[in-house]
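Note that our numbering has the sequence shown beginning at 3, numbered continuously upward.
All C-beta atoms, glycine included, are put in the ideal place defined by N, C-alpha and C.
A quick note: this is a predicted structure, and the numbers were derived from the prediction, not measured.
Step one of this worksheet: look at the structure below.
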Amino acid sequence: MKEPQTGKVGRYELLAKVGQGAMGIVYRAQDPTIRRIVALKVVPVDTGEPEGTSGSRGRSHGSSFDREAQAAGALLHPNIVTLYDAGRDGDWYYLAMEFIEGETFAAEIAREGRVRIERAAEVAAAVAEALDVAHERGVIHRDIKPANLMILPDRSVKVADFGIARLANASATMTTDMVVGTPYYMSPEQVRGGKLDGRSDLFSLGVVLYEAITGRRPFQADALATILNNILNTTPPAPHEVEPDIPRELSSIVMRAMGRTPEERYARGKELAGDLRGFLGATSAAAPGGNRPRSWRAMGAGALLALVAAIVLIVAGGAFKLSPVAKPAAVGYLEFVSEPSGAEIFLDGAVVGRTPYTAEVSAGQHEVEFRKDGYYPAAQSPSVEPNKRVVIELPMLARKEG
Ligand SMILES: Nc1ncnc2c1ncn2[C@@H]1O[C@H](COP(=O)(O)OP(=O)(O)OP(=O)(O)O)[C@@H](O)[C@H]1O
Ligand SMILES: [Mg+2]
């Protein structure tokens, strides 16, 4: 992806690049007028659009961009990253947002493997409440995924990039209405390119919660086409079937959020939040001390039992992934790292994400290629053993200018 050539976009002074997604680059930047630090997302205008397709959408982008930005900018909520400003500077659309000093929920999941059940339910409940407020105002997020949930130092959560999938659509980095980026969290109606309402976001949130508590994505596959087919046509095993320590009550909340049709799901974010809070209330009543700092004593018999069970499983042959339906048992992990980061990852020919990133893969040989604008592609063919993690760390060689 090309990058702004000057240290300024709009009136914002770029300080440091903090990340990159499918649609644009995020900078830590400063608004010189009021000396406020902002997260500035810059999205290229009209790049990558084939000649001739821009006619119907080209000129009118500004206004649709503005409309979307105005709707998103009107959202003021403690669990939503505030959008301060949006505009265009030459070849760039930019969005100035509240800068979050923290990490994403994707990073938390990657670090924890499985997020503690109460913690995951708490995060999902807060997100569901934020979504409810947005949906009530007619704003659909369209890209709910762990990378868009920012975790603050006090561990509270704020939803980032409200409506931005649509904004980026206006910038035509893509030629269909489909979201470019990670497909794992898309609702079936989104895959079909159908009309969306708030229940599409609730589906995506269900997928996030599923992943957080089980440590695996419900619609994971190596090839994009398989992922999309799975979203449309398969019902994944319920979370408690994947990880037996997950309470059935939580498991059915997740499965209802992920209903194949919108009618099967929660009608509103606050209903989902209510069920999650009900579950959390019941859990903390059943296990007083569950939210206190953990000590050996407080960990209690349940944790000890889980530990024993885990040891039994290890002895029984290292088969952690016991789910009979979703996956063959022989899976391992590929961790993708590049210098610089943000390279597009092709795994066996299909795009799975951008570095840094970790994917669950079938055991065996895989083809990995990193691609990044301005750099030569880098490739490797790693072999992954069951339950093992292989780190693919490739330096990217910059192409010579001109
Ligand atoms: N408001 C913010 N404050 C601080 N850092 C942010 C903020 N928004 C995004 N980031 C950082 O920038 C990174 C890239 O964000 P970006 O939204 O471009 O990509 P993404 O969410 O991974 O994918 P997508 O392009 O599909 O939204 C995030 O992973 C996060 O680390
Ligand atoms: Mg984002």
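Taking the alpha-carbon positions, what's the residue i to residue j distance?
i: V370; j: E213; result: 24 Å
i: D134; j: I39; result: 28 Å
i: V20; j: A288; result: 42 Å
i: G89; j: L17; result: 19 Å
i: K197; j: E191; result: 7 Å
i: L274; j: E100; result: 27 Å
i: N231; j: P185; result: 11 Å
i: V47; j: S343; result: 23 Å
i: R13; j: Y96; result: 10 Å
i: P249; j: V386; result: 32 Å
i: K272; j: G283; result: 16 Å
i: V28; j: R356; result: 14 Å
i: M188; j: T35; result: 39 Å
i: R37; j: R30; result: 13 Å
i: L211; j: K402; result: 44 Å
i: G276; j: A259; result: 12 Å
i: H1; j: S254; result: As displayed, the chain neither begins before 3 nor continues past 404, which places residue 1 out of reach and without an answer.
i: E15; j: G195; result: 37 Å
i: D163; j: Q22; result: 13 Å
i: T8; j: S286; result: 53 Å
i: D87; j: L77; result: 12 Å
i: A381; j: K390; result: 20 Å
i: H368; j: I146; result: 29 Å
i: F221; j: E265; result: 20 Å
i: N235; j: K4; result: 37 Å
i: R113; j: Y359; result: 12 Å
Check this for me: beta carbons of residue i and residue j, under 8 Å apart or not?
i: R262; j: T228; result: no
i: A73; j: G140; result: yes
i: I394; j: F338; result: yes
i: P388; j: A361; result: no
i: V129; j: V161; result: yes
i: D350; j: D156; result: no
i: A136; j: I82; result: yes
i: I111; j: P148; result: yes
i: R201; j: R267; result: yes
i: L399; j: Y377; result: yes
i: L336; j: V392; result: yes
i: D68; j: I142; result: no
i: H405; j: A132; result: For residue 405 there is no data in the structure shown, the boundaries of the chain being 3 and 404.
i: I153; j: E105; result: yes
i: A352; j: L207; result: no
i: V159; j: W94; result: no
Any heavy atom of ligand 1 within a distance shorter than 7 Å of the CB on residue i?
i: F101; result: yes
i: T106; result: yes
i: G26; result: yes
i: D156; result: no
i: M152; result: yes
i: D203; result: no
i: D87; result: no
i: G405; result: Only positions 3 to 404 of the chain appear in this structure, which leaves residue 405 out of reach.
i: A149; result: yes
i: D33; result: no
i: V393; result: no
i: K4; result: no
Can residue i be considered in contact with ligand 2, in the sense that its beta carbon sits closer than 7 Å to one or more heavy atoms?
i: A98; result: no
i: D163; result: yes
i: A287; result: no
i: A136; result: no
i: A109; result: no
i: A71; result: no
Is any heavy atom of ligand 4 found at a distance shorter than 7 Å from the C-beta of residue i?
i: G280; result: Ligand 4 is absent from the structure shown, which contains only ligand 1 and ligand 2.
Answer with yes or no whether the minimum CB distance from residue i to chain B is below 8 Å.
i: L151; result: Looking at the structure shown, chain B is missing, and only one protein chain is on hand.
Just to check my reading of the structure: residue i and residue j have Cβ atoms closer than 8 Å, yes? What is that Cβ distance to the nearest angstrom?
i: V125; j: L151; result: 7 Å
i: A41; j: I102; result: 7 Å
i: A98; j: D199; result: Rounded, the Cβ-Cβ distance is 28 Å, inconsistent with contact.
i: F281; j: E251; result: 5 Å
i: V240; j: M257; result: For clarity, residue 240 is Ala in the given sequence; the question names Val instead. Contact holds; Cβ gap of about 5 Å.
i: A108; j: L85; result: The pair is not a contact, with the Cβ atoms about 21 Å apart (cut-off 8 Å).
i: I215; j: V333; result: So it is not a contact: roughly 18 Å between Cβ atoms.
i: V45; j: P6; result: About 11 Å; that fails the 8 Å criterion.
i: R373; j: E341; result: Not a contact, Cβ separation roughly 14 Å.
i: G217; j: G115; result: 5 Å
(message) If we require 3 or more residues per run, which beta strand (DSSP E) segments fall completely within the region 217 to 303?
(response) none
(request) Kindly provide the ranges of any beta strand (DSSP E) runs that are 3 or more residues long and lie completely inside the region 341 to 381, ordered along the chain. (result) 346 to 349, 352 to 356, 359 to 364 and 370 to 373
(request) Just list the alpha helix (DSSP H) runs in the region 108 to 179, keeping only unbroken ones of 4 residues or longer that don't cross its boundaries, in chain order. (result) Runs found: 119 to 138 and 166 to 172.
(message) I'd like the ranges of any alpha helix (DSSP H) spanning at least 4 consecutive residues and lying wholly in the region 67 to 97.
(response) Entirely contained in the region 67 to 97, not one alpha helix (DSSP H) run reaches 4 residues.
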